[in-house]
Amino acid sequence: MTPKKILIIRFSSLGDILLTFPVYKNLKEMFPNSEITVLTKPQFIQILSAAKYADKVMPFYGISKTVSDINSYGFDLIIDLHSNLRSFLVSSLSRANIKIRYKKDSIWRRIFVNWKIITPSLQKHTVDRYLDCLKQIGLENPSKELFIGDFKSLKPEKEEKKLSFLLIQTAFLGDSLLSLPLVKAIKENFPNSKLTVLIRAENKQVFSGISEIDEIIEDNKKSAPKISEFTRLLKELKKRHFDAALIPHRSFRSALLASLAGIPKRIGFNFGFWNFLFTDAQPFGWPMHDAERNMMLLSALKVLSKPSFPDFEQKEELPEEIKKIPLKIAINPSSVWETKRWPREYFVSLIKKIKESYKIPCLITGGKAEEEYNLEIEKSLPEGYCINLTGKTSLSSLVSLIKNCDLFVTNDSGPMHIAAALGTPLIAIFGPTTKELGFFPYSKQAVVLEEELKCRPCRLHGSRKCPHEHFLCMRLITPQKVFNEISKIVKYKP
C-alpha cells in the first residue's frame, strides 16, 4: 500500500531533528505524492518549517490533545524516530495502518558509558539507525547525506511584483493587537508590498497609528445587518485582487470571506470545520502565546520571524494637568467579562496606597461602557486621589496616554495589550484565565499576578459570574500584593 499521509515523530533536540532530514528526503523519493507531517515540540517548529521534504509541522501539546489531532488527520503510516515512552504512547494510541519505530539502543549506550563495551549497533551513525526504519517499508540503499538543498529558503523569494496582502482580524481589541507582529513581519520581509487590514470599526483608531498598514477596511459586523455587511465586505475584497490573505482570526466568517473573495493564497489555522476554506492550514495549539502562534502563519510565505510590535504613532498630546504629574500611574479597572474584574474595593484600596506613598493621583481609564463602574471607584476616594478619564479618551488618545505612563495597572483586557505593545511597564491581574490560553501580555516589561487554583481557567474568556461563587482567583490577589509589585517597579520618591 502506498501511504498518502505519513507522520514522523521526533520531539527534540535540535541536533537530532536535523538528522531526521534525510528520512523526509528518502520518503519523498519513495512516495512522491505523499504528504509528510512532522510531530515535534513547539520550539522546533521554525527549523522544521525549513525542511524541504516535510510538508507540515504539528506541534506537540500533550498526549491527549496530540492523539486527537493525529486521529483527525487520518495518517496511513506513523514512524517513531524518538523512541521513548511518550512517543510510544502517542504512536500506540493513534490510528494508522502501519506503525514503525527506530531502535534507540539506550541500554547498550549505558553499558558503553559505564563499562566501555562496544556493540556493532553503537558504531552506526544516528542517521543510519533512522534510515534502518525505512527498510521495514521496502526502502533499500537510501540517500544518507544532508545537503543544503534539503532546506527551504528561510527568506521569502524576491518579489517579482508588488504583492498585495490582506490581514483579517475582526475579534476584540486585545486579540487584534496580538496580530500586529504579523503586520510588522510582512512589511519587513515584503517591503514593496501593499498591506490591507480588515478589522472592527471600533479598533480603527489604534490601527491607524501603525505606519506599516497601507489601508484599513472597517467591519461593522456588530452594528450593521449581518448579511448586508458580509456582502459589502465581499465586494470590497473582490475589487482589490489580493495575492494572499493571513487570517489569525479563528472564525468561519473570516475564512469564508477570504475564500469567496477568490484570494488565491489563504493562510489560517487548522482549528475548525472550515479548514477546507484555506489553501494553507497551519497547526494550532493552546499552550503558546497568541502573538507567537500568529507568527506561525508566516511559514506558508517562507518567513521565519519572532514577534515584535511595530511602533505606534502618537497623534495626540496629553492634557496639561496630566503632563505636570511627576509619576504617571494609570489604572484600568474594568473588563468585558465580569470575572476578569479585580474587586472594585480592591482598586479603591490600591489607589489610596499609591496616593499616600507617592503623593500623586492615579489616572483611571476606561470606555463609555465603564463610566458607571469607574465612577463608583471615584466616589469612594477622597478628592484629589484620582483623575477619572473614563469615557473621555478616544482609542488614539488612550494610546498616547499609556505610552507616556510610568506604570499601567490593569485587568486582562484590550488596554493591557496596548501597554504591552507600547513597552509600558505594566502589572496585569489575572483571575479566571491562565497563560496556557496564550493571551498574557507579550512584554518583558509586564508582571502578571495570579493565584494557582484548580478551578482556573473556568472558561476560555472567563465567566459572567464565578461558577463556584467564591471568586478566590481574584480575591486572593490582595491590594497589598499588587502594591508590593508596584514598589519593585517604581523608584520615584516624592
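Residues 649 to 1142 (the working numbering) make up the sequence shown, in order.
Even for Gly, the Cβ is constructed at its ideal location relative to N, Cα and C.
Keep in mind that this is a model prediction, so the values were computed, not measured.
Residue of the options minimising C-alpha distance to residue i
{"i": "PHE890", "options": "LEU741, ALA906 and ALA1017", "result": "ALA906"}
{"i": "LYS1040", "options": "GLU986, ALA744, SER661 and GLU1020", "result": "GLU1020"}
{"i": "LYS652", "options": "ARG848, ARG888, GLN1128 and THR685", "result": "THR685"}
{"i": "SER1061", "options": "THR1072, THR1126 and ARG989", "result": "ARG989"}
{"i": "PHE1087", "options": "GLN853, GLU964, ARG658 and HIS937", "result": "HIS937"}
{"i": "LYS1141", "options": "ASN942, PHE919, LEU825 and LYS1003", "result": "LYS1003"}
{"i": "ILE656", "options": "ARG888, GLU836 and ASP724", "result": "ASP724"}
{"i": "ILE970", "options": "ILE1035, LYS1016, PHE921 and ASP959", "result": "ILE1035"}
{"i": "GLN1128", "options": "SER1005, PRO873 and ASN681", "result": "SER1005"}
{"i": "ILE1012", "options": "GLY710, LEU733, GLN691 and ILE979", "result": "ILE979"}
{"i": "GLY857", "options": "SER1042, SER997 and LEU1037", "result": "SER1042"}
{"i": "ALA892", "options": "ILE911, LYS886 and LEU946", "result": "ILE911"}
{"i": "LEU998", "options": "GLU940, ILE1134 and MET1122", "result": "ILE1134"}
{"i": "PRO1080", "options": "ILE1066, LEU1070 and HIS1118", "result": "HIS1118"}
{"i": "LYS838", "options": "ILE865, CYS781, SER953 and ILE1125", "result": "First, the amino acid is wrong: residue 838 is Phe here, not Lys. Of the candidates ILE865, CYS781, SER953 and ILE1125, the one whose C-alpha sits nearest the C-alpha of PHE838 is SER953."}
{"i": "TRP985", "options": "CYS1106, TYR721, PRO829 and ALA948", "result": "CYS1106"}
{"i": "THR1038", "options": "LYS1016, PHE1056 and CYS1053", "result": "LYS1016"}
{"i": "ARG941", "options": "ASN918, PHE960 and ASP959", "result": "ASN918"}
{"i": "VAL738", "options": "ILE746, SER716, LYS751 and TYR750", "result": "SER716"}
{"i": "VAL671", "options": "PHE1056, GLU788 and ILE834", "result": "GLU788"}
{"i": "LEU662", "options": "THR688, GLU677 and PRO680", "result": "THR688"}
{"i": "SER720", "options": "PRO680, PRO931 and GLU677", "result": "PRO931"}
Residue i, DSSP secondary structure in three states
{"i": "GLU1133", "result": "helix"}
{"i": "ILE915", "result": "strand"}
{"i": "SER682", "result": "coil"}
{"i": "ASN1059", "result": "strand"}
{"i": "ALA1017", "result": "helix"}
{"i": "ALA819", "result": "coil"}
{"i": "VAL951", "result": "coil"}
{"i": "ALA939", "result": "helix"}
{"i": "LEU1124", "result": "coil"}
{"i": "CYS1114", "result": "coil"}
{"i": "LEU946", "result": "helix"}
{"i": "TRP756", "result": "Note that TRP756 scores a pLDDT of 46, beneath 50, so its modelled location is shaky; the value from the coordinates is reported in the next line. Looking at TRP756 - three-state DSSP - the assignment turns out to be helix."}
{"i": "ILE665", "result": "helix"}
{"i": "CYS1053", "result": "coil"}
{"i": "GLU964", "result": "coil"}
{"i": "LEU1101", "result": "coil"}
{"i": "TYR1090", "result": "coil"}
{"i": "PHE924", "result": "helix"}
{"i": "THR987", "result": "helix"}
{"i": "LYS1040", "result": "coil"}
Cβ-Cβ separation, residue j to residue i (assumed contact under 8 Å), whole Å
{"i": "ILE973", "j": "PRO1009", "result": "7 Å"}
{"i": "GLY1014", "j": "PRO991", "result": "Contact doesn't hold; Cβ gap of about 16 Å is too wide."}
{"i": "ALA903", "j": "LEU925", "result": "4 Å"}
{"i": "PHE659", "j": "SER735", "result": "7 Å"}
{"i": "LEU675", "j": "THR774", "result": "Going by Cβ atoms, the distance from LEU675 to THR774 rounds to 17 Å, so no, they are not a contact pair."}
{"i": "SER682", "j": "ILE654", "result": "5 Å"}
{"i": "ILE1125", "j": "GLU1099", "result": "6 Å"}
{"i": "TYR1090", "j": "PRO955", "result": "6 Å"}
{"i": "VAL996", "j": "ILE977", "result": "Not a contact, Cβ separation roughly 15 Å."}
{"i": "SER697", "j": "VAL705", "result": "6 Å"}
{"i": "ILE1077", "j": "ASN1059", "result": "5 Å"}
Residues bridged to residue i [DSSP beta-bridge criterion]
{"i": "MET706", "result": "LEU687"}
{"i": "GLU863", "result": "THR844"}
{"i": "PHE813", "result": "LEU843 and ALA892"}
{"i": "ILE748", "result": "ILE727"}
{"i": "ASN980", "result": "THR1058"}
Start-to-end residues for the beta strand (DSSP E) that takes in residue i
{"i": "VAL845", "result": "842–848"}
{"i": "CYS1034", "result": "1034–1036"}
{"i": "ALA906", "result": "Unbroken run through ALA906 is the alpha helix (DSSP H), 900–908; no beta strand (DSSP E)."}
{"i": "ASP928", "result": "928–930"}
{"i": "LYS653", "result": "653–657"}
{"i": "LEU1097", "result": "1094–1097"}
{"i": "CYS1010", "result": "1010–1012"}
Opening and closing residue of the alpha helix (DSSP H) in which residue i lies
{"i": "SER742", "result": "Where SER742 is concerned, there is no enclosing alpha helix (DSSP H), given that its DSSP letter is neither H nor E."}
{"i": "VAL1138", "result": "Unbroken run through VAL1138: none, as it is neither H nor E."}
{"i": "LEU1070", "result": "1062–1070"}
{"i": "ASP728", "result": "Here ASP728 belongs to no alpha helix (DSSP H); instead the beta strand (DSSP E) covers 725–728."}
{"i": "ALA833", "result": "828–837"}
{"i": "LEU1074", "result": "Where LEU1074 is concerned, there is no enclosing alpha helix (DSSP H), although the beta strand (DSSP E) it sits in stretches over 1074–1077."}
{"i": "LYS869", "result": "Segment: none, LYS869 is in no alpha helix (DSSP H) and carries neither H nor E."}
{"i": "ASN719", "result": "711–721"}
{"i": "GLN853", "result": "852–855"}
{"i": "LYS874", "result": "874–886"}
{"i": "ASP780", "result": "774–781"}
{"i": "SER997", "result": "992–1006"}
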